[in-house]
Amino acid sequence: MSELPKHIDPKAIEEKWYAWWLQHNCFHREAADGGEPYTIVIPPPNVTGILHMGHALNNSIQDTLIRWRRMQGYNAVWVPGTDHAGIATQNVVEREIKKEGLRRQDLGREKFLERVWAWKEQYGNTIVNQLKKLGASCDWDRLRFTMDEGLSNAVKEVFIRLYDKGLIYRGTYIINWCPRCQTALSDEESEHRDVKGKLYHMRYPVKDAPGEFVTVATTRPETFLGDTAVAVNPTDERYRHLVGKTLILPVLHREIPVIADDFVAKEFGTGCVKVTPAHDPNDYQMGLRHSLPQINVMTDDGHMNENAGPYAGLERFACRKKIVDDLEAAGLLVKVEDHHHAVGHCYRCSAVVEPRLSPQWFVKMKPLAEPGIRAVKEGRIAFVPERWNKVYLEWMENIRDWCISRQIWWGHQIPIFYCDECGHQWADRGKPSVCPKCGSARVRQDEDVLDTWFSSWLWPFSVFNWPEQNEDLKFYYPTHALVTASEIIFFWVARMIMAGYEFMGDLPFREVYIHGTVRDNQGRKMSKSLGNSIDPLDIINEFSADALRFSLLMLTATGQDVYVSKEKFEVGRNFGTKIWNVARFMQLHKLEQPLEVRAISLNPDRWTADDWHIVAKIDDAAKAATECLERYRFNDYAHVLYEFLWHEFCDWYVEYAKPTLYGTDEARRREVLSIMHYVFNRALRLLHPLMPFLTEELWHGMGYGLEDETIMTAPWPKADNLTLRGMAQPYVEYVDLKHDLIRRARQLRADYEVPPGDKVDFVIKPAGPDAAAHLRADADAIALLIKAGALSIDPDFAPPRAMPSALNALGAVYMSLGGVDVEAERIKLQGQLDAVAQELERLEARLANEAFIQKAKVDVVNQARARRDELIGKREKLAAMLAGLG
RNA sequence: GGGCGUAUAGCUCAGUUGGCUAGAGCACUUCCUUGACAUGGAAGGGGUCACAGGUUCAAGUCCUGUUACGCCCA
315 MSELPKHIDP
325 KAIEEKWYAW
335 WLQHNCFHRE
345 AADGGEPYTI
355 VIPPPNVTGI
365 LHMGHALNNS
375 IQDTLIRWRR
385 MQGYNAVWVP
395 GTDHAGIATQ
405 NVVEREIKKE
415 GLRRQDLGRE
425 KFLERVWAWK
435 EQYGNTIVNQ
445 LKKLGASCDW
455 DRLRFTMDEG
465 LSNAVKEVFI
475 RLYDKGLIYR
485 GTYIINWCPR
495 CQTALSDEES
505 EHRDVKGKLY
515 HMRYPVKDAP
525 GEFVTVATTR
535 PETFLGDTAV
545 AVNPTDERYR
555 HLVGKTLILP
565 VLHREIPVIA
575 DDFVAKEFGT
585 GCVKVTPAHD
595 PNDYQMGLRH
605 SLPQINVMTD
615 DGHMNENAGP
625 YAGLERFACR
635 KKIVDDLEAA
645 GLLVKVEDHH
655 HAVGHCYRCS
665 AVVEPRLSPQ
675 WFVKMKPLAE
685 PGIRAVKEGR
695 IAFVPERWNK
705 VYLEWMENIR
715 DWCISRQIWW
725 GHQIPIFYCD
735 ECGHQWADRG
745 KPSVCPKCGS
755 ARVRQDEDVL
765 DTWFSSWLWP
775 FSVFNWPEQN
785 EDLKFYYPTH
795 ALVTASEIIF
805 FWVARMIMAG
815 YEFMGDLPFR
825 EVYIHGTVRD
835 NQGRKMSKSL
845 GNSIDPLDII
855 NEFSADALRF
865 SLLMLTATGQ
875 DVYVSKEKFE
885 VGRNFGTKIW
895 NVARFMQLHK
905 LEQPLEVRAI
915 SLNPDRWTAD
925 DWHIVAKIDD
935 AAKAATECLE
945 RYRFNDYAHV
955 LYEFLWHEFC
965 DWYVEYAKPT
975 LYGTDEARRR
985 EVLSIMHYVF
995 NRALRLLHPL
1005 MPFLTEELWH
1015 GMGYGLEDET
1025 IMTAPWPKAD
1035 NLTLRGMAQP
1045 YVEYVDLKHD
1055 LIRRARQLRA
1065 DYEVPPGDKV
1075 DFVIKPAGPD
1085 AAAHLRADAD
1095 AIALLIKAGA
1105 LSIDPDFAPP
1115 RAMPSALNAL
1125 GAVYMSLGGV
1135 DVEAERIKLQ
1145 GQLDAVAQEL
1155 ERLEARLANE
1165 AFIQKAKVDV
1175 VNQARARRDE
1185 LIGKREKLAA
1195 MLAGLG
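Listed below in structure tokens is the structure:
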């Protein structure tokens, strides 16, 4: 046992223990170590990422789980890694070279990729190092990157397998195009945001019918240049006569037909819809049904192309404005209305996404989804909280094909090769230099790269080097808990489930814990642009990593969003300080024969009620903590330990112990200190997953661990001694009542404004012989806690004069005071008597009700009867006390 | 437009399969620097459980509807 300094130095202990854990390889496990596996794979943060509160919450939860399972004796591995984040990372590096006046095209693919790799080497581990500050006990020997060699092999293998199976195809469809990033996006990567837009009503002249027009409504007037029809609903009487007629597209003077199609909603706008097959998914479908031409009017970077006639070269929104002006000038603009609607935005750069016809690679998802749907329906994979099951199933059952090609350079290049000689196209694991069909050397690889999520969906097995079959893969897969946020259920969770079944033939994980979003005090998402983010590293600096973790998890009700502000982290800091100080208190008390804290022997036959009580309560805490963790109830878990350590242990047990510890009965001192160490040791272990640094420091500081040991592998306390717990129960009940009675006595003092320094005499009239025996044994300690001059326990006490008093099931307490405000005392007692009478009345009514006696559970009826008897007793006593006032 | 979530103390939230007097932390009021801790201790005030119906012996909890806010999908 080493002397603890007066104040904690969180920075010092965080650095010391993290380095120690690394040095002693505490986070690493291997299949060869045997035992029961418990695996978590980290949601790989982007290499461009810096730690924010969302990461802090996500990783605190994972670390809590993995540390707990490790203590339970599992072969527990938490596999870390980072994601190459194709578009995001490319954007970062493009911005960087822009400062040198360069575009990626100026460097060329190869040179540009060198720059990205260099950037990754320099900055890519930032977030990994930040995770270490949090205390994350990842198995760093297993650190992976989605573009390292092994994972790239997995990606290639998967692509080729799906391609050969016919599940990957190339096709020209409407996709989400980001004109800023100049790449296709998947449906999930286009974020819908509500925007205040306009609905433009424009007129198209009817051919050969001067003065006759058709009015269409659109939110994107610039796409009219690509219109190849106008559609109405076939049942719409208003327009039936127009179907089959020809319209003249303004400006371009192109002739387009009026068609009838069920898809058109009669109520929307004018009921006439312009049809632009190359720029809208619904129009595209309509175009197919009616064999309409598809005219793309835009370039990759969001400007109008040669099909836009006089508008060619204009930026799309500038073009919109000009077209509106021109149509207005030509008398073809009927009106412009305000219109709220959802518009897709690029999830990486927030540019407005342009739906657009484009040749891309897709994965056919329906067949992959089937096993994933069954797995959740049959409960093999469970979401926590379970409401996410439904969200997941909804999406999976309506799944659409996945656009996986991206027109960027940073990522896994698509392993498809083309022969320019004979036109052969094939998938290849290597880098072929000649065409396998005609032998020509005019071979080139597809330019596109794969969606970033095409590598992360393999994460649970690619981190173990799949497709290589090895012991780790066999041992650690399937993994156990997946901890993530709801935002990526579709992006990632659902796809991992599909990949797991498709390539491993088994589920990737058993439980998916979905935690909430971290928000600021006003409920807004934390973001850089709002300037409302709280940097977890600032919190670690100011409070401590333990405080950050504890506070975050204490605030995390299952799956609910977490609202944080700086002050909220004080809970964790204060709790840490409290624990530190009680540890110092224990150290303060030396014994003649020093205590061997590693080999505590307890003597229950000589225990007081308080001893039984605290030992029972730590047992209960162990049980509760374990249950909370099993059910992902992190706030309850934090609360259990807070309540136990602060209130049960510090507020009561330590206070009861003081007279003994400052006294001279060496045997009692020894027993009390032994119990304290026994209890505190267990509490530290229960708290370790949540506050790893502080608990490790104290575990050593108190001498519970040898120099080469760590609390990380100390056994997780179990509540298994039922016999002892059963024996403790009567003491637990007594002590809980004693706490209450002490509170009531203190209340008497406060009511009569007795200065805290003054001693007053008290009498307790016990409710029965058992209570009397207990109270007599505890009289000295109670006297101290209520600052009594003299305290007598007198079963026959009858107040000789008016005395302030209070009552509970254990007995009545009387305070001896010179001047008593008899009237105030009468009012107080009368108030209590009224409350008792009222409750009794309600209870009697309930017990008189036949239906209640018959239908309610036996326990509930018995409880009601017991309560009634208790209240009757209480009523009598209160009446007597009232009479005693004279 | 469809789906989901939330509504409990001034604030942030717990409250499990319906069942004792609805809890915690923060904030607030009063008092206390006695020997672990003022990042502390003691005591206290504060709630028609959003609203309206219903089911039940019994509803904060279950059902229906209304309102408000938030999220996801289209």
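Quick note, the first sequence lines up with residues 315 to 1200 if you use the numbering used here.
A virtual CB, placed ideally from N, CA and C, is assigned to each residue, including glycine.
Would you grab the beta carbon distance between arginine 458 and leucine 465 for me? Rounded to a whole angstrom, and I think it's under 8 Å.
As a working note, residue 458 is residue 144 in the first sequence. As a working note, residue 465 is residue 151 in the first sequence. At roughly 6 Å, the Cβ-Cβ gap stays under 8 Å, so arginine 458 and leucine 465 are in contact.
For leucine 602, which option in Met612, Thr613 and Thr590 has the closest C-alpha, if you only look at C-alpha atoms?
Working through the first sequence from its first residue, we reach residue 602 at position 288. Of Met612, Thr613 and Thr590, the residue nearest in Cα terms is Thr590.
May I ask which residues mark the beginning and end of the alpha helix (DSSP H) holding histidine 368?
The sequence position of residue 368 within the first sequence is 54, counting from 1. A quick correction: the sequence has glycine, not histidine, at residue 368. Segment 367 to 385, the alpha helix (DSSP H) holding glycine 368.
Can you give the Cα-Cα distance for methionine 810 and histidine 829, rounded to whole angstroms?
Taking the first residue of the first sequence as 1, we reach residue 810 at position 496. Taking the first residue of the first sequence as 1, we reach residue 829 at position 515. Distance between the alpha carbons of methionine 810 and histidine 829: 18 Å.
Quick one: Cα of lysine 636 to Cα of alanine 543, how far?
Translated into positions along the first sequence, residue 636 becomes position 322. Translated into positions along the first sequence, residue 543 becomes position 229. Using only the alpha carbons, I get a separation of about 22 Å.
Going by CA-CA distance only, name the one from Gly645, Gln599, Asn703 and Val1049 that's closest to proline 519.
Counted from its first residue, the first sequence places residue 519 at position 205. Ranking Gly645, Gln599, Asn703 and Val1049 by Cα distance to proline 519 puts Gly645 first.
Rounded to whole angstroms, what's the CA-CA distance from tyrosine 661 to glutamate 503? Just pull it up for me.
Working through the first sequence from its first residue, we reach residue 661 at position 347. Working through the first sequence from its first residue, we reach residue 503 at position 189. Roughly 5 Å between the two C-alpha positions.
Assuming tryptophan 331 and glutamate 1011 make a contact with CB atoms under 8 Å, what is their CB distance in whole Å?
Counted from its first residue, the first sequence places residue 331 at position 17. Counted from its first residue, the first sequence places residue 1011 at position 697. Right, the Cβ-Cβ distance comes to about 7 Å (below 8 Å), so this counts as a contact.
Nearest CA to the CA of glutamine 734: which residue from Trp724, Gln727 and Ala755?
Looking up residue 734 in the first sequence gives position 420. A small fix is needed here, since residue 734 is aspartate in this sequence, not glutamine. Cα-wise, what sits closest to aspartate 734 is Ala755.
Would you grab the beta carbon distance between valine 807 and phenylalanine 899 for me? Rounded to a whole angstrom, and I think it's under 8 Å.
The residue labelled residue 807 in the question sits at position 493 within the first sequence. The residue labelled residue 899 in the question sits at position 585 within the first sequence. At roughly 47 Å, the Cβ-Cβ gap does not stay under 8 Å, so valine 807 and phenylalanine 899 are not in contact.
Using the C-alpha atoms, what's the distance from proline 1006 back to threonine 497?
Residue mapping note: residue 497 aligns to position 183 of the first sequence, counting from 1. Residue mapping note: residue 1006 aligns to position 692 of the first sequence, counting from 1. One C-alpha to the other measures close to 45 Å.
Give me the Cα-Cα distance between cysteine 752 and lysine 470, rounded to the nearest whole angstrom.
One-based indexing of the first sequence puts residue 752 at position 438. One-based indexing of the first sequence puts residue 470 at position 156. Answer to the nearest angstrom: the Cα atoms are 24 Å apart.
Which same chain residues end up closer than 8 Å to valine 757 when comparing Cβ atoms and leaving out the 5 residues on each side of it in sequence?
Here residue 757 is taken as the residue at index 443 of the first sequence, counted from 1. Taken in chain order, the residues that qualify are Phe731, Tyr732, Cys733, Asp734, Pro746, Ser747, Val748 and Cys749.
For the pair the region 368 to 382 and the region 351 to 360, tell me if three or more CB-CB distances fall below 8 Å.
Yes: at least three Cβ pairs fall under 8 Å.
For threonine 797, which beta-bridge partners are listed by DSSP?
Numbered from its first residue, the first sequence carries residue 797 at position 483. What sits at residue 797 in the sequence shown is valine, not threonine. Valine 797 is bridged to Tyr827.
Give me, in chain order, the residues of the same chain whose beta-carbon lies closer than 8 Å to that of lysine 320; leave out the 5 immediate sequence neighbours on both sides.
Sequence index remark: in the first sequence, residue 320 carries index 6 (1-based). Here the set comprises Arg898.
What are the uninterrupted segments assigned as beta strand (DSSP E) that are 3 or more residues long and contained completely in the region 526 to 594, given in chain order?
Here the runs fully enclosed are 527 to 532, 543 to 546, 560 to 562, 569 to 574 and 586 to 589.
Using the Cα positions of arginine 999 and isoleucine 848, report the straight-line distance between them to the nearest angstrom.
As a position in the first sequence, residue 999 is number 685, starting the count at 1. As a position in the first sequence, residue 848 is number 534, starting the count at 1. The straight-line gap from Cα to Cα measures roughly 30 Å.
Using only alpha-carbon positions, find the residue among Leu1008, Phe1076 and Lys882 that is nearest to alanine 1126.
In the first sequence, counting from the first residue as 1, residue 1126 sits at position 812. Alanine 1126 has its Cα closest to that of Phe1076, out of Leu1008, Phe1076 and Lys882.
Where does asparagine 703 sit, in a helix, a strand or coil, going by DSSP?
Locating residue 703 in the first sequence gives position 389, where the first residue counts as 1. Reduced to three states, the DSSP call for asparagine 703 is helix.
Hey, is the region 854 to 870 in contact with the region 971 to 983, meaning 3+ C-beta pairs nearer than 8 Å?
As far as the Cβ criterion goes, the region 854 to 870 does not touch the region 971 to 983, which means the pair count is below three.
Which residue comes first and which comes last in the beta strand (DSSP E) that contains aspartate 508?
For the purposes of this step, residue 508 is taken as the residue at position 194 of the first sequence. Segment 504 to 519, the beta strand (DSSP E) holding aspartate 508.
Excluding the 5 residues flanking asparagine 917 on each side, which residues of the same chain have their C-beta closer than 7 Å to its C-beta?
On the first sequence, residue 917 is found 603 positions in, with the first residue counted as 1. Contacts found: Glu985.
Is it buried or exposed, proline 1029, if we count other Cβ atoms within 10 angstroms and call 16 or more buried?
Taking the first sequence and counting its residues from 1, one reaches residue 1029 at position 715. By the 10 Å Cβ count, proline 1029 comes out exposed.
Evaluate glutamate 816 with the Cβ neighbour count: other Cβ atoms within 10 Å of its Cβ, from every protein chain shown; 16 or more gives buried, anything less gives exposed.
Walking along the first sequence from the start, residue 816 turns up at place 502. Burial call: buried.
Would valine 393 and arginine 429 qualify as a contact pair, given that the criterion is a beta-carbon distance under 8 Å?
Reading the first sequence from its first residue, position 79 is the one you call residue 393. Reading the first sequence from its first residue, position 115 is the one you call residue 429. Cβ distance not < 8 Å, so valine 393 and arginine 429 don't count as in contact.
Once the 5 residues before and after aspartate 715 are set aside, which same chain residues still bring their CB inside 6 Å of it?
Here residue 715 is taken as the residue at index 401 of the first sequence, counted from 1. Contacts found: Phe676, Lys678 and Met679.
Compare the beta carbon distance of alanine 432 and aspartate 377 with 8 Å and say whether it is the shorter of the two.
The sequence position of residue 432 within the first sequence is 118, counting from 1. The sequence position of residue 377 within the first sequence is 63, counting from 1. No, Cβ-Cβ distance for alanine 432 and aspartate 377 is not below 8 Å.
Is histidine 1002 closer than 8 Å to arginine 484 when the C-beta atoms are compared?
In the first sequence, counting from the first residue as 1, residue 484 sits at position 170. In the first sequence, counting from the first residue as 1, residue 1002 sits at position 688. Not closer than 8 Å, so no.
Quick check: what's the CA-CA separation for isoleucine 928 versus alanine 1087?
What you label residue 928 is simply residue 614 of the first sequence in a count that begins at 1. What you label residue 1087 is simply residue 773 of the first sequence in a count that begins at 1. Going by the C-alpha atoms only, they are around 20 Å apart.
Where valine 993 and leucine 1038 are concerned, what is the direct C-alpha to C-alpha distance, given to the nearest angstrom?
The count along the first sequence starts at 1 and reaches residue 993 at position 679. The count along the first sequence starts at 1 and reaches residue 1038 at position 724. Distance between the alpha carbons of valine 993 and leucine 1038 is about 15 Å.
Opposite isoleucine 928 in the DSSP bridges: which residues?
As a working mapping, residue 928 is identified with position 614 in the first sequence. Answer is none; isoleucine 928 lacks a bridge partner.
Could you please give the first and the last residue of the uninterrupted alpha helix (DSSP H) stretch that includes lysine 880?
Here residue 880 corresponds to residue number 566 of the first sequence, with the count starting at 1. Unbroken run through lysine 880: none, as it is neither H nor E.
Can you give me the start and stop residues for the beta strand (DSSP E) that histidine 953 sits inside?
Within the first sequence, numbered from 1, the residue matching residue 953 stands at position 639. No beta strand (DSSP E) holds histidine 953; the alpha helix (DSSP H) holding it covers 948 to 956.
Can you give the beta carbon distance from glycine 415 to asparagine 389, rounded, assuming they're within the 8 Å contact cut?
Looking up residue 415 in the first sequence gives position 101. Looking up residue 389 in the first sequence gives position 75. That pair is no contact at about 54 Å.
Return yes when the Cβ of aspartate 397 is within less than 8 Å of the Cβ of threonine 766, no when it is not.
Translated into positions along the first sequence, residue 766 becomes position 452. Translated into positions along the first sequence, residue 397 becomes position 83. For threonine 766 and aspartate 397, yes; Cβs fall inside 8 Å.
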